[in-house]
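Student:
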Amino acid sequence: MLKNKLNGLRRSPKGLVVILFAGLLVVGTGYTAVNAAVNTSPQAASHSAAQINYGKKLFLSNCASCHGKNAEGTANGPTLIGVGEASVDFQVSTGRMPGASSGPQMQVKPVQFTNDEIAAMAAFVGSLATGPAIPGAEYTSGNGDIQKGGELFRVNCAMCHNAAGKGGALTEGKYAPELMHSSAKTIAEAMILGPQNMPVFNDANITPQEKNDIITYLQYLQTHSSAGGDELGGLGPVTEGLLAWLGLLGLIIAITIWLGAKSN
Amino acid sequence: MSNTATAKKKNGFLAGTANYVDERVGVAGVLKEFGRKIFPDHWSFMLGEVALYSFLVLLLSGTFLTFFFQPSMTDVVYNGVYAPLKGAHMSIAYASSLDITFEVRGGLLMRQVHHWSALLFVAAAGLHMLRVFFTGAFRKPRELNWVVGFVLFVLGMAAGFTGYSLPDDLLSGNGLRIIDGMIKGVPFIGTWISTLLFGGEFPGHSIVGRLYSLHIMLVPALILVFLAIHLVMLVLHKHTHYSGAGRKDTNVVGYPLMPVYVAKAGGFFFIVFGVIMLIASFFTINPIWNYGGYDPSPVSAGTQPDWYIGWLDGALRLAPTHLEFMIGDNTLSMNILLPLVISLVFLALVALYPFFENWVTGDKREHHVLDRPRNAPVRTAIGAAGVTFYAVLWAGASTDLIATNFKMSLNQVLVTMQISLIILPIVAFMVTKRICLSLQRKDREIALHGRESGRIVRLPHGEYIEVHEAANEYDLFKLVDYKDYQPTLARPNAEGKITISARLRATASRFYFKDSVSPATMTEIEANAHHAHEIEEQVQKAIENQKL
C-alpha cells in the first residue's frame, strides 16, 4: 500500500517539487556548513554600535574617495563588501592602505592609524557582510612544528618569497615582499586572504595548525641571525659575488698596489 | 787535513744538507737558473699569483672538508642541532654538510674559507686574463700560454660548479635542475646524456657522488697539470715588463726570484690567506641551512648561481622566447640552444683571439715589452666590447633582484638588458677606441711640446705665451715606445692571385690600423725641443730686462 502510494507520489509533478526541494535543502545547508568550516566562522557580532559608527566615520573621511561611500567600490578601488575584518586589518596595519598612489602594487608604508581606529574600521567593514575574521591564536601562537613549517614554507611559499623569506620579483613591477619583519597576525591574514597577487591558502588547503607551523618557522628565521657572520642581505650568490669582487679581490688588489709601489 | 775538517764544521748543518742533496739530485743548477729568474715589479703582475694562492687555500680547506663530507644521496632523518630541520628527511650529503656547518669544530669557517676562496680564485684568474689581454702579453711567444690560461679559467668554473652542487641543498639542486634542462635541450642526444649523467631521471641517486669524484679528483688534477704547464712556460718565456728606460724586447728588468721575490711571494701568500680568513670569519657565504634539503618540487625565488656561472644563467634568462621549432619528433628549444651556442662562441673567441690578432698584424717578432692599452686602440676596444657583453649577461643573472631592490618592473629590466646586450658592446667599442686615440694624441702632444705648466709670460712685444715643460727622458720612453702598425694591402700570392683570405686580412688590417696615431719620432722631438729652447731664451731675456 505505502509502497504504491510512494511510487505514485514520485511520478506525480508534486513529487518532483518535493524531491527538488529536499535536494536543494541538503546541498544548500551542506554547502553552508562546509563553507563555514572551511572559511572562517561567521563574524562574531561583538562590536558595539558605537565602534561601528566610529569606523564608518573614519571610513568616510579616509577610504570612501576610492572605495565608495557605502564601500561599494569605484573605478579607483574595489568594493569592500564581504572582504572581512581580516582584510582591513591586513591592509591598514601594514600601512598598505590608505594607498599613496596607484601602481603595480600597494607599498608597505608607515602605519597611518592607531590600533583602535583600525579595529573600528574593520568592525564597520565587517558589519557590511560576512567575511574572514582576524585570525586567532590557533594560527599565530608560534608554538607549532618548526621543521614541518619549514617544509611547508619551501613547498608553498618559497617560489615567490624565497627559501629564506627574503622576497622575490613577480611580473610587471609586482613583487612578493620579504617576510623578515612581518608579524604572525599579518602572515596568517595574508595566507587566509591572498592579498594583491598572492593566492588564497584556505584552511582546507593549509590547516590552521599548519599555518601556525609556517609562522613558527618564519619567527625562527626572524629571530636567529646567520651562524656564519653577516648575511649580506640574505640575497645569496649575487651579494656574495659582489663582496668577492669588491671586498675580497678589492682588498687584495689594494695590497698588491702597496707591495708594487715600493719600486717607484 | 785538520784545515778541511774545520772548514766543513764551519759550513754547518744547512750547507751540509744542501751539499748532500746536490750531490745526489743535482738540484743546484736548477735552483741557480730558477733563482735568477727576474720578476719585474708591478702590482698587476701579482693577479695570477693571487689566483695561484687562492688555489692553494682551496686545496687546504677542501682537504679538511673531505674528512667530514659524505657524498651519498641516501635518504636519512636529520637529527642534528639545527632546530628547523630536526626530523626532516634529507640526503646524507646534505646532512653531512649540516654537520660540518654546525657540529664539526671549525667546520663552518672552513666551508666559508673554501667557498670564498673559490670565488676569489676565479675572480683573480679572470682579472689576470684581462690584464694579459689589455697589455698584449698574449703575443708571440705567449699565445699557447694564453690558451693554457684560458683552459685553467674554464676548469676553475667547472671546479666551482661541481663543488656548488655537492651540499645537495635546495639552491644547488635548483642549479642542477637548470643544467639538466640545458642538457635535455640539446637536440637528439640531450635526453640520453641527461639519463647517463644522472643515472636515470633527474635527480636520481648518483649525481652527488659523481660530481664529488669530479670535484675532488679529476678537475683539481687537471688544474694542477695545466698550472704546472702554465708556470713552466712562464719560466721559459721569462717575464714581460712595461715599457720604460732600458726595457727592451730582449731583456727583463726587475728583481731576481732569490732572495727578493721568494720572500715577497711567500709573504704575499699569507696576506691572501689572511684576507680570505678575515672575510670568511665575518661574512656568511651559502647559508645552506636556510635552503633546506633538495627536493625537486620547491623552487626558491631569487635562485642564482655563483658569480662565475652568472653569465651563463644570464644568457638563459635573456634569450627571447617562442623561438623553438620542431624537426620531426624533436623540439629544438632555441631559448636553450641559442644561449648555449652564443656562450660557446664567446669562449672560442676568447681562446683564439691571440691567433687572430697575429694573423691580422702578421707580426712574427717576439714581444716582451707590454703595450699600454691605449697604444693598441682596436684591441683595447674589442676587449672593452667583450667585457661589456660579458657584464650584461652577468647582470642578466640577477634581473629579479635588480627589479625588486631598485623597484623596477622585471619585464622592463629584462627587455632593457636584451637591448643592452646588443647595443652596449658596440657603444663600448666606439667610445673606448676614441678614448685610446685621444690619449695617444695627448701622449704625442706631450712628447713634442711638453706639459702645460700654467706659467703665463708676456713677452716685450706684448705677446702672451704659456711656458710648456718638456717631459723628462724617463717619461718620454713610455710615451713614444710603441709600434704603430699600418694597414696592409691585399697582395697577390706566388701565382699572382689575390686570395679571399688575403682580402679578408687586408680588411681586418684596415679595421685595426686605419686611424693609428704614430708615436713622436726622435727627429720631431729634437726639432720641437730646439723651438722650445728658443722660446725659453726669449722668456729669460724678458725676465732679465724687467729686473733691470
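As they're listed, the protein sequences go chains W and A.
Just so we're aligned, residue 76 is where the first sequence starts under the working numbering, counting upward by one.
Just so we're aligned, residue 10 is where the second sequence starts under the working numbering, counting upward by one.
Each residue gets a CB set at the ideal place from its N, CA and C atoms; glycine is no exception.
In this text, all values refer to a predicted model and were calculated from it rather than measured experimentally.
Is residue 236 of chain W buried or exposed, if buried means 16 or more other CB atoms sit within 10 Å of its CB?
Tutor: For the purposes of this step, residue 236 of chain W is taken as residue 161 along the first sequence, with counting starting at 1. Looking at its Cβ environment, which holds 16 or more other Cβ atoms inside 10 Å, residue 236 of chain W is buried.
Student: So, does the CB of residue 100 of chain A fall closer than 8 Å to a CB anywhere in chain W?
Tutor: Counted from its first residue, the second sequence places residue 100 of chain A at position 91. No, its Cβ sits nowhere closer than 8 Å to a Cβ of chain W.
Student: Exposed or buried, which one is residue 295 of chain A when buried takes at least 16 other CB atoms within 10 Å?
Tutor: The count along the second sequence starts at 1 and reaches residue 295 of chain A at position 286. When all chains shown are included, residue 295 of chain A counts as buried.
Student: Helix, strand or coil for residue 91 of chain A per DSSP?
Tutor: One-based indexing of the second sequence puts residue 91 of chain A at position 82. In this structure, residue 91 of chain A counts as coil in the three-state DSSP scheme.
Student: Given a limit of 9 Å on CB to CB distance, which residues of the segment 278-292 of chain A reach chain W?
Tutor: Answer in chain order: 280, 281, 284, 285, 287, 288, 289, 290, 291, 292.
Student: Out of curiosity, what's the CA-to-CA distance linking residue 151 of chain A and residue 246 of chain A?
Tutor: Your numbering for residue 151 of chain A matches position 142 in the second sequence. Your numbering for residue 246 of chain A matches position 237 in the second sequence. So the alpha carbons of these two residues sit roughly 7 Å apart.
Student: Going by beta-carbon coordinates alone, are residue 183 of chain A and residue 106 of chain A separated by less than 8 Å?
Tutor: Working through the second sequence from its first residue, we reach residue 183 of chain A at position 174. Working through the second sequence from its first residue, we reach residue 106 of chain A at position 97. No, they are not a contact pair.
Student: Please specify which runs of the beta strand (DSSP E), each continuous and at least 3 residues long, are wholly inside the segment 418-443 of chain A, giving them in chain order.
Tutor: Whole beta strand (DSSP E) segments, 3+ residues: zero.
Student: Rounded to a whole number of angstroms, what is the C-alpha to C-alpha distance between residue 514 of chain A and residue 366 of chain A?
Tutor: Sequence index remark: in the second sequence, residue 514 of chain A carries index 505 (1-based). Sequence index remark: in the second sequence, residue 366 of chain A carries index 357 (1-based). The alpha-carbon atoms of residue 514 of chain A and residue 366 of chain A are separated by roughly 10 Å.
Student: Examine chain W for any beta-carbon lying closer than 8 Å to the beta-carbon of residue 319 of chain A, and answer yes or no.
Tutor: The residue labelled residue 319 of chain A in the question sits at position 310 within the second sequence. Yes, contact with chain W.
Student: Just checking: is the beta-carbon of residue 234 of chain W within a distance shorter than 8 Å of some beta-carbon in chain A?
Tutor: Here residue 234 of chain W is taken as the residue at index 159 of the first sequence, counted from 1. Chain A contact via Cβ: present.
Student: What runs of the beta strand (DSSP E), each 3 residues or longer, lie entirely inside the segment 89-151 of chain A?
Tutor: With a minimum length of 3 residues, the continuous beta strand (DSSP E) runs that stay inside the segment 89-151 of chain A are 98-100.
Student: If you compare alpha carbons, which of A/311, A/223, A/230 is closest to residue 314 of chain W?
Tutor: Working through the first sequence from its first residue, we reach residue 314 of chain W at position 239. Nearest C-alpha to residue 314 of chain W: A/311.
Student: Report back the beta-carbon spacing between residue 332 of chain W and residue 93 of chain A to the nearest angstrom; my notes put them in contact at under 8 Å.
Tutor: Residue mapping note: residue 332 of chain W aligns to position 257 of the first sequence, counting from 1. Residue mapping note: residue 93 of chain A aligns to position 84 of the second sequence, counting from 1. Between residue 93 of chain A and residue 332 of chain W the Cβ distance is about 45 Å, and since that is not below 8 Å, they are no contact.
Student: Just list the beta strand (DSSP E) runs in the segment 253-338 of chain A, keeping only unbroken ones of 3 residues or longer that don't cross its boundaries, in chain order.
Tutor: Taking only runs of at least 3 residues, the beta strand (DSSP E) segments lying wholly in the segment 253-338 of chain A are 334-336.
Student: Output needed in chain order: residues of the segment 278-311 of chain W with a Cβ under 7 Å from some Cβ in chain A.
Tutor: Flagged, chain order: 292, 295, 301, 302, 303, 304, 305, 306, 307, 310, 311.
Student: List the DSSP bridge partners of residue 460 of chain A.
Tutor: Numbered from 1 along the second sequence, position 451 holds the residue referred to as residue 460 of chain A. Residue 460 of chain A is bridged to A/478.
Student: Determine the burial state of residue 340 of chain A: buried for a count of at least 16 other Cβ atoms within 10 Å of its Cβ, exposed for fewer.
Tutor: Here residue 340 of chain A corresponds to residue number 331 of the second sequence, with the count starting at 1. Flag for residue 340 of chain A reads exposed.
Student: Short check: CB of residue 156 of chain W to CB of residue 203 of chain W, under 8 Å?
Tutor: Position 81 of the first sequence, counted from the first residue, corresponds to residue 156 of chain W. Position 128 of the first sequence, counted from the first residue, corresponds to residue 203 of chain W. Against a cut-off of 8 Å, the Cβ pair of residue 203 of chain W and residue 156 of chain W comes out as a contact.
Student: Apply the 10 Å Cβ neighbour rule to residue 100 of chain W and answer buried if 16 or more other Cβ atoms are within range, or exposed otherwise.
Tutor: Taking the first sequence and counting its residues from 1, one reaches residue 100 of chain W at position 25. Residue 100 of chain W comes out exposed.
Student: Round the Cβ separation of residue 207 of chain W and residue 268 of chain W to the nearest angstrom and send it over; I've been treating them as touching at under 8 Å.
Tutor: Walking along the first sequence from the start, residue 207 of chain W turns up at place 132. Walking along the first sequence from the start, residue 268 of chain W turns up at place 193. Rounded, the Cβ-Cβ distance is 6 Å, consistent with contact.
Student: Let me confirm a value: residue 176 of chain W is counted as buried when at least 16 other C-beta atoms fall within 10 Å, else exposed. Which label applies?
Tutor: Working through the first sequence from its first residue, we reach residue 176 of chain W at position 101. By the 10 Å Cβ count, residue 176 of chain W comes out exposed.
Student: The segment 124-154 of chain W: which residues have C-beta closer than 9 Å to a C-beta of chain A, in chain order?
Tutor: Against chain A - using a Cβ distance shorter than 9 Å - the segment 124-154 of chain W contributes no residues.
Student: So the beta strand (DSSP E) residue 85 of chain A belongs to, where does it begin and stop?
Tutor: For this step, residue 85 of chain A is matched to residue 76 along the second sequence. Start and end: 84-86.
Student: For residue 473 of chain A, count the other beta carbons within 10 Å of its own beta carbon; 16 or more makes it buried, fewer makes it exposed. Which is it?
Tutor: If you number the second sequence from 1, residue 473 of chain A lands on position 464. Residue 473 of chain A should be labelled exposed.
Student: Here's the rule I'm using: 16 or more other beta-carbon atoms within 10 Å means buried, otherwise exposed. How should residue 403 of chain A be labelled?
Tutor: In the second sequence, counting from the first residue as 1, residue 403 of chain A sits at position 394. By the 10 Å Cβ count, residue 403 of chain A comes out buried.
Student: Measuring CB to CB, does residue 347 of chain A end up less than 8 Å from residue 328 of chain A?
Tutor: Here residue 347 of chain A refers to the residue found at position 338 of the second sequence. Here residue 328 of chain A refers to the residue found at position 319 of the second sequence. The answer is yes: Cβ separation under 8 Å.
Student: Please look up how many angstroms separate the CB atoms of residue 319 of chain W and residue 301 of chain A, rounded, as I've assumed it's under 8 Å.
Tutor: On the first sequence, position 244 is the one that residue 319 of chain W refers to. On the second sequence, position 292 is the one that residue 301 of chain A refers to. About 25 Å; that fails the 8 Å criterion.
Student: Can you grab the Cα-Cα spacing for the pair residue 168 of chain W / residue 353 of chain A, in whole Å?
Tutor: For the purposes of this step, residue 168 of chain W is taken as residue 93 along the first sequence, with counting starting at 1. For the purposes of this step, residue 353 of chain A is taken as residue 344 along the second sequence, with counting starting at 1. Rounded to the nearest angstrom, the two C-alpha atoms are 52 Å apart.
Student: Return the residue from the list A/77, A/244, A/304 that minimises the CA-CA distance to residue 180 of chain A.
Tutor: Counting from one through the second sequence, the residue named residue 180 of chain A turns up at place 171. Taking only the C-alpha atoms, the option nearest residue 180 of chain A is A/304.
Student: Between residue 113 of chain A and the rest of its own chain, which residues show a CB-CB distance below 7 Å, the 5 nearest in sequence each way excluded?
Tutor: Counting from one through the second sequence, the residue named residue 113 of chain A turns up at place 104. Excluding residues within five positions, the ones whose Cβ falls inside 7 Å are 77.
Student: Going by DSSP, what residues sit across from residue 250 of chain A in a beta bridge?
Tutor: The sequence position of residue 250 of chain A within the second sequence is 241, counting from 1. Answer by DSSP bridge pairing, in chain order: A/378.
Student: Could you name the residues of the same chain whose beta carbon sits closer than 7 Å to that of residue 422 of chain A, not counting the 5 residues immediately before and after it, in chain order?
Tutor: The residue you call residue 422 of chain A lines up with position 413 of the second sequence. Only 408, 411, 412 meet the Cβ criterion.
Student: Given a cut-off of 8 Å on the beta-carbon distance, is the pair residue 122 of chain A and residue 165 of chain A in contact?
Tutor: To locate residue 122 of chain A, count along the second sequence from 1; it is residue 113. To locate residue 165 of chain A, count along the second sequence from 1; it is residue 156. Not a contact, by the Cβ cut-off of 8 Å.
Student: Using 8 Å as the threshold, is the C-beta distance between residue 297 of chain W and residue 266 of chain W below it?
Tutor: The sequence position of residue 297 of chain W within the first sequence is 222, counting from 1. The sequence position of residue 266 of chain W within the first sequence is 191, counting from 1. In this structure, residue 266 of chain W does not lie closer than 8 Å to residue 297 of chain W by Cβ.
Student: Roughly how many whole angstroms lie between the Cα atoms of residue 211 of chain W and residue 130 of chain W?
Tutor: Looking up residue 211 of chain W in the first sequence gives position 136. Looking up residue 130 of chain W in the first sequence gives position 55. When rounded, the distance between both Cα atoms is 21 Å.
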